[in-house]
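*Asks:* In the numbering used here, the protein residues as written are 24 to 329.
Glycine included, each C-beta is placed from N, C-alpha and C at the ideal position.
1. Quick one: Cα of residue 147 to Cα of residue 182, how far?
2. Less than 8 Å between the CB atoms is what I'm expecting for residue 250 and residue 196, so what's the real figure, rounded?
3. If you draw a straight line from the C-alpha of residue 67 to the C-alpha of residue 47, how long is it?
4. Under the three-state reduction of DSSP, which class applies to residue 181: helix, strand or coil?
5. For residue 310, collect the residues of the same chain with a Cβ closer than 8 Å to its Cβ; drop the 5 residues on either side in sequence, then sort them by chain order.
6. Go to residue 35, then tell me how far its alpha helix (DSSP H) extends in each direction, as first and last residue.
7. Among residues of its own chain, excluding the 5 on either side of residue 236, which ones have a beta-carbon nearer than 6 Å to its beta-carbon?
8. What residue from 140, 173, 58 and 29 has the CA that sits closest to residue 43's CA?
9. First and last residue of the beta strand (DSSP E) that includes residue 262?
10. I'd like to know whether the C-beta atoms of residue 262 and residue 275 end up nearer to each other than 7 Å.
11. So what's residue 76 in DSSP terms, helix, strand or just coil?
12. Output yes or no for whether 7 Å exceeds the beta carbon distance between residue 97 and residue 198.
13. Any heavy atom of the ligand PLP closer than 6 Å to the CB of residue 66?
14. Please state the DSSP three-state secondary structure of residue 62.
15. Of all the options 189, 30, 54 and 39, which has the alpha carbon lying nearest to the alpha carbon of residue 165?
16. If the criterion is Cβ atoms closer than 7 Å, does the pair residue 312 and residue 117 meet it?
17. Cβ of residue 81 within 7 Å of Cβ of residue 125?
18. Relative to the alpha-carbon of residue 216, which residue among 232, 243, 206 and 131 has its alpha-carbon at the smallest distance?
19. Could you please give the first and the last residue of the uninterrupted alpha helix (DSSP H) stretch that includes residue 312?
20. Quick check for students: name the residue ranges of the beta strand (DSSP E) that lie wholly in the segment 123 to 179, counting only runs of 3 or more.
21. Starting from the C-beta of residue 301, find all residues in its chain whose C-beta is less than 6 Å away, skip the five residues before and the five after it, and write them out in chain order.
22. Are there 16 or more other CB atoms within 10 angstroms of the CB of residue 282, so buried, or fewer, so exposed?
23. In angstroms, rounded to a whole number, what distance separates the CA positions of residue 186 and residue 176?
24. Whole-angstrom Cβ separation of residue 87 and residue 60, contact assumed at under 8 Å?
25. For the alpha helix (DSSP H) that contains residue 45, what are its first and last residues?
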């Protein structure tokens, strides 16, 4: 077992369920996984074992002991994949919201990696390690869209180099809260671990360089449909940057409003485009995928409310 993670909910969490709070605060932990942790005695509130129906006061200290992902062997699982592109070197998948990319503490199966192991067999790069075979980059659990995996080490190293020099282009669409004053802009602000909550990221002076370019696609009154292009790829980068400039992403209960949005599973953020140089042919590959149904439905709902 790992060392306990210590969480301190704020007053804005008062009255909320502890399992919902843990699912939002701990990456890779679903609400059902949080419930299992509580039932197993792995969650302490102010030093005492938490009750399954515990409601937060916003003043407590929560200690969570998570099992190590390495304790569970990786198994191929028959999970449907929306394959956008595939050849002998790479596979690009349109990941649904709610799917974890690779095994993490508290979420050892049902991940994209489990699905890829079934789909690709032994044809996945080992560069990412035994828990992340083939994985070149990540997408948050509650973010949907295009993600690329490598089928051999040469392809993995070639794609990783493109990530490092920013030539692997990733484009996202999001619904942000509020109305933007400009039609386009750039957020150039370093990102690192939050000083107040180690499970969150934040703009901090000594963080790693992070650059996000954005442009307005549609003014929706109290909300805005935007396109974001990543120049770097820090953890939670778009979510942190949009919140930093006062426009958190709709449905993001970590960096925005704490209350979930009806009709959404996670935040309204979708990796709509991916562009890379193919590791074998050296030709430019440009891919795109449509917005997921819940995202498109939310856009229509907001348009009707204007």
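*Replies:* Here's the rundown:
1. Working through the chain shown from its first residue, we reach residue 147 at position 124. Working through the chain shown from its first residue, we reach residue 182 at position 159. Straight-line Cα distance between these residues: approximately 14 Å.
2. Numbered from its first residue, the chain shown carries residue 250 at position 227. Numbered from its first residue, the chain shown carries residue 196 at position 173. Contact flag correct, Cβ pair sits at about 5 Å.
3. Taking the chain shown and counting its residues from 1, one reaches residue 67 at position 44. Taking the chain shown and counting its residues from 1, one reaches residue 47 at position 24. Answer to the nearest angstrom: the Cα atoms are 17 Å apart.
4. Locating residue 181 in the chain shown gives position 158, where the first residue counts as 1. Correct three-state label for residue 181: helix.
5. On the chain shown, position 287 is the one that residue 310 refers to. Take residue 310, set aside five residues on each side of it, and the residues of its chain with a beta-carbon closer than 8 Å to its own are 107, 108, 115, 169, 296, 297 and 298, in chain order.
6. On the chain shown, residue 35 is found 12 positions in, with the first residue counted as 1. It is not in any alpha helix (DSSP H) - residue 35 carries neither H nor E in the DSSP assignment.
7. The residue labelled residue 236 in the question sits at position 213 within the chain shown. Excluding residues within five positions, the ones whose Cβ falls inside 6 Å are 209 and 252.
8. Counting from one through the chain shown, the residue named residue 43 turns up at place 20. For the residues 140, 173, 58 and 29, the minimum Cα distance to residue 43 belongs to 58.
9. Here residue 262 is taken as the residue at index 239 of the chain shown, counted from 1. It is not in any beta strand (DSSP E) - residue 262 instead sits in the alpha helix (DSSP H) that spans 260 to 267.
10. Residue numbering aside, residue 262 sits at position 239 when the chain shown is read from its first letter. Residue numbering aside, residue 275 sits at position 252 when the chain shown is read from its first letter. Yes; because the gap between Cβ atoms is below 7 Å, this pair is in contact.
11. In the chain shown, counting from the first residue as 1, residue 76 sits at position 53. In the structure shown, residue 76 sits in coil (DSSP, three-state: anything other than H, G, I, E or B).
12. For the purposes of this step, residue 97 is taken as the residue at position 74 of the chain shown. For the purposes of this step, residue 198 is taken as the residue at position 175 of the chain shown. Between residue 97 and residue 198, the C-beta spacing is not below 7 Å.
13. Questions concerning the ligand PLP fall outside what the structure shown contains, since it holds no ligand whatsoever.
14. On the chain shown, position 39 is the one that residue 62 refers to. Helix, per DSSP.
15. Numbered from 1 along the chain shown, position 142 holds the residue referred to as residue 165. Answer by Cα proximity: 54.
16. On the chain shown, residue 312 is found 289 positions in, with the first residue counted as 1. On the chain shown, residue 117 is found 94 positions in, with the first residue counted as 1. For residue 312 and residue 117, yes; Cβs fall inside 7 Å.
17. By 1-based counting over the chain shown, the position of residue 81 is 58. By 1-based counting over the chain shown, the position of residue 125 is 102. Going by C-beta atoms, residue 81 is not nearer than 7 Å to residue 125.
18. Locating residue 216 in the chain shown gives position 193, counting from the first residue. For residue 216, the closest of 232, 243, 206 and 131 by C-alpha to C-alpha distance is 232.
19. Position 289 of the chain shown, counted from the first residue, corresponds to residue 312. That residue, residue 312, is in no alpha helix (DSSP H); it is neither H nor E in DSSP.
20. Complete beta strand (DSSP E) runs here, min 3: 167 to 173.
21. The residue labelled residue 301 in the question sits at position 278 within the chain shown. Once the five neighbours on either side are set aside, the close Cβ partners of residue 301 are 308.
22. As a first step, residue 282 is located in the chain shown; it is residue number 259 there, counting from the start. Looking at its Cβ environment, which holds fewer than 16 other Cβ atoms inside 10 Å, residue 282 is exposed.
23. One-based indexing of the chain shown puts residue 186 at position 163. One-based indexing of the chain shown puts residue 176 at position 153. Rounded to the nearest angstrom, the two C-alpha atoms are 15 Å apart.
24. The residue you call residue 87 lines up with position 64 of the chain shown. The residue you call residue 60 lines up with position 37 of the chain shown. Between residue 87 and residue 60, the beta carbon gap of about 6 Å places them in contact (Cβ cut-off 8 Å).
25. In the chain shown, residue 45 corresponds to position 22, counting from 1. Note, residue 45: alpha helix (DSSP H), 41 to 48.
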